[in-house]
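There are 2 protein chains.
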Amino acid sequence: MSRKPPEEFTRPTQVTLAAVLQVRDGVLQVLLWQRARDPFRNAWALPGGVLAADETLEASIRRHLATKVDLAEVAHLEQVSTYGDPDRNPVEWEIATAYLGLVPLGVDPSVPKDTTWHPVDDLPPTGFDHGAIIHSARDRLRGKLSYTNIGFALAPATFTLTELRDVYTAALGYDVSATNLKRVLLRRGAIVPTGGRRDPGRAGGRPAEEFAYSDNALEVTDPFATLRPPE
Amino acid sequence: MSRKPPEEFTRPTQVTLAAVLQVRDGVLQVLLWQRARDPFRNAWALPGGVLAADETLEASIRRHLATKVDLAEVAHLEQVSTYGDPDRNPVEWEIATAYLGLVPLGVDPSVPKDTTWHPVDDLPPTGFDHGAIIHSARDRLRGKLSYTNIGFALAPATFTLTELRDVYTAALGYDVSATNLKRVLLRRGAIVPTGGRRDPGRAGGRPAEEFAYSDNALEVTDPFATLRPPE
DNA sequence: ACAAAAGTGTTGTTACTACACCCATGG
DNA sequence: CCATGGGTGTAGTAACAACACTTTTGT
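These protein sequence lines map, in sequence, to chains A and B. Note that the first sequence ends on residue 269 in this note's numbering; no numbers are left out. Note that the second sequence ends on residue 269 in this note's numbering; no numbers are left out.
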């Protein structure tokens, strides 16, 4: 059915990939599938695939993810970078545009058997340049946690501040104070109290206030940290 | 010599483009060339071209720029985004990876006759999605001026603070105070005094101190504006 | 002496961190 | 009534903007 194209028409294969990140078990993890074939047989790789002729890059990665993870669960998706080193794929000239995807805490999308979550800071052997892609996606997330409302895509729909603090701690990789996190996000208007409360556990304790992100699309909440325009 | 490939082998053309920005006449400008052929005949477009089989994306855009502008003058080059909308090129399926390039104040690279500089905030009619690409490159630059030393790529090798202030003002599009700019950049260690002075003009005035950027590669000088790690 | 250009001193503000203290609940 | 977990109050600090003031030159 398919023949090899003559050499004079050689062009790179264009693929889209996604580093889908989620906080699980208190750790930031990435969704990977284990390759069954060479190259990189048995190594782990990012989900994605070849771009179709009539789709945008974002539509492509959404389509490929839909075959692995329930699309509705990806709360945020953004392009990170494009990798085009001619040696990045040893068997074929391939250009990959990588996306960062985020899944909220607590949802557990059904994934195929060869696909599982792995801690971003303790990856198994990865194929191609996917290890570097994962780390740059993680870095993009970490940066945006500081100056945008991107937490909405990692947190559940409603949450207590302790829960949100744990999400930030896992994603950033260092301790965050719930007290100060609350004040920062409230001042910026990124989160709002829902009015609800959460019952304490059986050990007792004051019931926690319930919060939600005020917006479920990416917004820059802390613009112009410095050199800001005169008013 | 060249035949059309059979439909079953159709793949997008991969091109690289660059929005090369420079402060000229006190205004941030971008290097564009005027198309002589359809599509978008007579419209202005970003320099760039098709990716070759054995080169990286960055090597590709450097090669294409070298045919238009003296390569050594590009003080900084970074990938911004990849554009893959199937309709972005009306005659061919084409994917473009866009770079931001910066040229220091004062150099005047020799460019072909069909290529000239245009104010970023007052563009002529542009082809494809190049207008959007230019604006996102400009926004990337504006953001990084606040939290990195990226000014090194817009400023001349040595400069007075008034000169640097003018560069920042042109790039950011709003007034910047030389007094405070100096303190911000000195505190961060981004600039250092060279020890030299500049003679005042014929109108008199105190001679200006001469400064230089301490590093000519991109560095994040103001990390973790907020939510910073505990020490 | 005076205008021009550059640099310094000083004050006020904002946004944050750290930490002590207070509140509400279950047992 | 006390342990537990959540929330508030408050002081200290760093980074910055605004602006008055001083310094150094040419005419």
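The C-beta atom is built at its ideal place from N, Cα and C for all residues, glycine as well. Only a predicted model underlies this, so the values are computations on that prediction, with no experimental measurement involved.
Exercise. Rounded to whole angstroms, what's the CA-CA distance from B/Gln117 to B/Leu69? Just pull it up for me.
Key: Taking the straight line from one Cα to the other gives about 17 angstroms.
Quiz prompt | Under 9 angstroms (Cβ pairs) to chain B, residues found in the segment 210-221 of chain A | solution = Per Cβ criterion, the list reads Leu210, Gly211, Tyr212, Asp213, Val214, Ser215, Asn218, Leu219.
Quiz item: What does DSSP give as the partner residues of A/His156 in its beta bridges?
Solution: The partner list for A/His156 (beta bridge, DSSP) reads A/Val68.
Quiz item: Got a sec? Which residues, its chain only, sit under 8 angstroms from A/Met39 by beta carbon, not counting five neighbours each side?
Solution: Because A/Met39 carries a pLDDT of 47, less than 50, the predicted location of this residue cannot be relied on, and the following value inherits that uncertainty. Cβ neighbours of A/Met39 within its own chain (closer than 8 angstroms, five residues either side excluded): none.
Quiz item: Are the segment 91-99 of chain B and the segment 244-256 of chain A touching by the rule of at least three beta carbon pairs closer than 8 angstroms?
Solution: With a cut-off of 8 angstroms, the segment 244-256 of chain A and the segment 91-99 of chain B do not count as touching, because too few Cβ pairs lie within range.
Quiz prompt | Identity of the residue in B/Gln52, B/Thr154, B/Gly86 nearest B/Arg62 by Cα | solution = Closest in alpha carbon position to B/Arg62, among B/Gln52, B/Thr154, B/Gly86, is B/Thr154.
Quiz item: So does the segment 159-166 of chain B actually touch the segment 193-201 of chain B, counting three or more Cβ pairs closer than 8 angstroms?
Solution: These segments do not touch.
Quiz item: Could one say the Cβ of A/Gly122 lies closer than 7 angstroms to chain B's Cβ atoms, at least one of them?
Solution: Yes, A/Gly122 counts as interfacial toward chain B.
Quiz item: Under a CB-based cut-off of 7 angstroms, is A/Ser184 close to chain B?
Solution: Yes, its Cβ sits closer than 7 angstroms to a Cβ of chain B.
Practice problem: Would you decide whether A/Pro268 is buried or exposed? Buried here means 16 or more other CB atoms lie within 10 Å of its CB. | Solution: Exposed is the call here.
Self-check item: C-beta atoms of A/Arg226 and A/Thr259 nearer than 7 angstroms
Solution: Yes, these two residues count as a Cβ contact at 7 angstroms.
Quiz prompt | Beta-bridge pairing of A/Ile133 - partner residues as DSSP gives them | solution = Paired residue(s): A/Gln52.
Exercise. Return the CA-CA distance between A/Gln67 and A/Val58, expressed in angstroms with no decimal places.
Key: The alpha-carbon atoms of A/Gln67 and A/Val58 are separated by roughly 8 angstroms.
Self-check item: CB contact flag (A/Ala208, A/Gly86, <7 angstroms)
Solution: A/Gly86 is positioned such that its CB atom lies no closer than 7 angstroms to that of A/Ala208.
Quiz item: Short check: CB of B/Trp82 to CB of B/Asp152, under 7 angstroms?
Solution: Not a contact, by the Cβ cut-off of 7 angstroms.
Quiz item: When the Cα atoms are used, what is the spatial distance from B/Asn218 to B/Thr232?
Solution: Spanning the two alpha carbons is a distance of roughly 19 angstroms.
Quiz item: Got a sec, what are the start and stop residues for the alpha helix (DSSP H) A/Ser98 sits in?
Solution: Here the alpha helix (DSSP H) through A/Ser98 covers 95-104.
Quiz item: Which residues share a DSSP beta bridge with B/Ile229?
Solution: DSSP, once it has assigned bridges, lists B/Tyr251 as partnering B/Ile229.
Practice problem: Alpha carbon to alpha carbon, how far is B/Thr135 from A/Thr120? Give it in angstroms, no decimals. | Solution: Looking at the two C-alpha atoms, the distance is approximately 7 angstroms.
Quiz item: Do the CB positions of B/Arg180 and B/Leu210 come within less than 7 angstroms of each other?
Solution: Yes, the pair counts as a contact, with Cβ atoms nearer than the cut-off.
Practice problem: Within 10 angstroms of the Cβ of A/Val53, are there 16 or more other Cβ atoms? Answer buried if so, exposed if not. | Solution: Counting C-beta atoms within 10 angstroms of its own C-beta, A/Val53 has 16 or more neighbours from the protein chains shown and is therefore classed as buried.
Exercise. State buried or exposed for B/Arg176, treating a residue as buried only when at least 16 other CB atoms are found within 10 Å of its CB.
Key: Around the beta carbon of B/Arg176, 16 or more other beta carbons sit within 10 angstroms, so the residue counts as buried.
Quiz prompt | Test: A/Arg49 CB closer than 7 angstroms to a CB of chain B | solution = At a cut-off of 7 angstroms, the C-beta of A/Arg49 has a neighbouring C-beta in chain B.
Practice problem: Select from A/Leu84, A/Ile99, A/Phe262 the residue whose C-alpha is nearest the C-alpha of A/Tyr185. | Solution: Nearest Cα to A/Tyr185 within the set A/Leu84, A/Ile99, A/Phe262: A/Phe262.
Self-check item: Check: B/Glu116 C-beta below 6 angstroms from any heavy atom of the ligand ADP
Solution: Inclusion of the ligand ADP in the displayed structure is not the case, the ligand content being empty and no account of it being possible.
Quiz item: Exposed or buried, what is B/Gly139 when buried is set at 16 or more other beta-carbons lying within 10 Å of its beta-carbon?
Solution: Per the 10 Å Cβ criterion, buried.
Quiz item: If you compare alpha carbons, which of B/Tyr137, B/His114, B/Pro150, B/Gln60 is closest to B/His5?
Solution: Because residue 5 of chain B is not part of the residues shown, which for chain B are 39 to 269, the question remains open.
Practice problem: On a CA-only basis, which of A/Val141, A/Asn187, A/Tyr137 is nearest A/Ala170? Give me that one, please. | Solution: Distances from the alpha-carbon of A/Ala170 to those of A/Val141, A/Asn187, A/Tyr137 put A/Tyr137 closest.
Self-check item: Distance between B/Ile99 and B/Arg236 (C-alpha atoms, nearest Å)
Solution: Each residue's Cα considered, the two are about 37 angstroms apart.
Quiz item: If we cut at 7 angstroms on Cβ distances, does B/Thr94 have a partner in chain A?
Solution: With 7 angstroms as the cut-off, B/Thr94 counts as an interface residue toward chain A.
Quiz prompt | chain A contacts from the segment 240-264 of chain B (Cβ-Cβ distance under 7 angstroms) | solution = Hits within the stretch, in order: Asp260, Phe262, Ala263, Thr264.
Quiz item: Which chain B residues sit within Cβ distance under 9 angstroms of A/Leu89?
Solution: Ordered by position in chain B, the residues that pass the 9 angstroms Cβ test against A/Leu89 are Arg49, Pro50, Gly122, Ile133.
Quiz item: Would you say A/Pro163 faces chain B, with C-beta separation under 7 angstroms as the test?
Solution: With its beta carbon at least 7 angstroms from every one in chain B, A/Pro163 lies outside the interface.
Quiz item: Taking just the CA atoms, how far does A/Val214 sit from A/Glu111?
Solution: Distance from the CA of A/Glu111 to the CA of A/Val214, rounded to the nearest whole angstrom, comes to 26 angstroms.
Practice problem: Output yes if chain A places a C-beta closer than 7 angstroms to the C-beta of B/Pro277; else output no. | Solution: Here chain B has residues from 39 to 269 only, and residue 277 of chain B is not among them.
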